[in-house]
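**Q** Numbering (my numbering), first residue to last: -12 to 125. Idealized CB from N, CA, C, for every residue including glycine. Let me give you the structure first, and then I'll get to my questions.
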Amino acid sequence: MIHRTLHALSRTRTAIRERQQGFTLIELLVVVLIIGVLAAVAIPIFLNQQEGAKDSAVKAQITQAKTAVVAEIVTNGFPANLAAASAYTPSNDVTVVLTGSATAFCISGQFDGSARIFVIDDNGAALQGTCVSNVATP
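This is the structure:
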């Protein structure tokens, strides 16, 4: 009799254990917390990568514009604007402006929607700043 009762209890316990499926509330909260921490770390890193890529695109565009302007100066004289520099291909996302003359020029560029402006002149490399009297200044 005791043996049968113990066996029945054992079967009942096994049946209850087999029916219980899923996760506890604590386990779900821990998973949500871990996902939140990962998102809090990953999102700012991703946004910084995007800004860096935009900055690189602007620097590449103004460097390409400088090369085109120098080539145009050598062959035909100072171009009236960047469109006159035949070697320059404008980007849809970057606004580039040429100022200056055949003796000194400055090119500024800005990614659409960004507050940062990058400049390059006839003597230097691309840097963040403004064009003052045809000279790139930080």
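Let me make sure I understand the geometry here. Which of Ala58, Ala29, Leu85 has the alpha-carbon closest to that of Ser120?
**A** As a working note, residue 120 is residue 133 in the sequence shown. Checking every option, the nearest Cα to that of Ser120 belongs to Leu85.
**Q** Fully enclosed by the region 50 to 111, which beta strand (DSSP E) runs are 3 residues long or longer?
**A** Qualifying beta strand (DSSP E) stretches, in chain order: 81 to 87, 92 to 98, 104 to 108.
**Q** With H, G and I counted as helix, E and B as strand and the rest as coil, what does DSSP make of Ala123?
**A** Your numbering for residue 123 matches position 136 in the sequence shown. Strand.
**Q** Under 8 Å: do the region 5 to 21 and the region 43 to 50 share three or more Cβ pairs, one atom per stretch?
**A** Counting Cβ pairs under 8 Å, fewer than three are found: no touch.
**Q** Take Asp99 and list the residues in its own chain whose beta-carbon comes closer than 6 Å to its own, dropping the five residues that flank it on each side.
**A** Position 112 of the sequence shown, counted from the first residue, corresponds to residue 99. So the list reads Asp80, once near-sequence residues are dropped.
**Q** Per DSSP, Gln115 is paired with what?
**A** The sequence position of residue 115 within the sequence shown is 128, counting from 1. Answer is Phe105.
**Q** Take the Cβ of Glu59 as the centre, count every other Cβ of all protein chains shown within 10 Å, and call the residue buried at 16 or more, exposed below.
**A** Residue numbering aside, residue 59 sits at position 72 when the sequence shown is read from its first letter. Glu59 is buried by the Cβ-count criterion.
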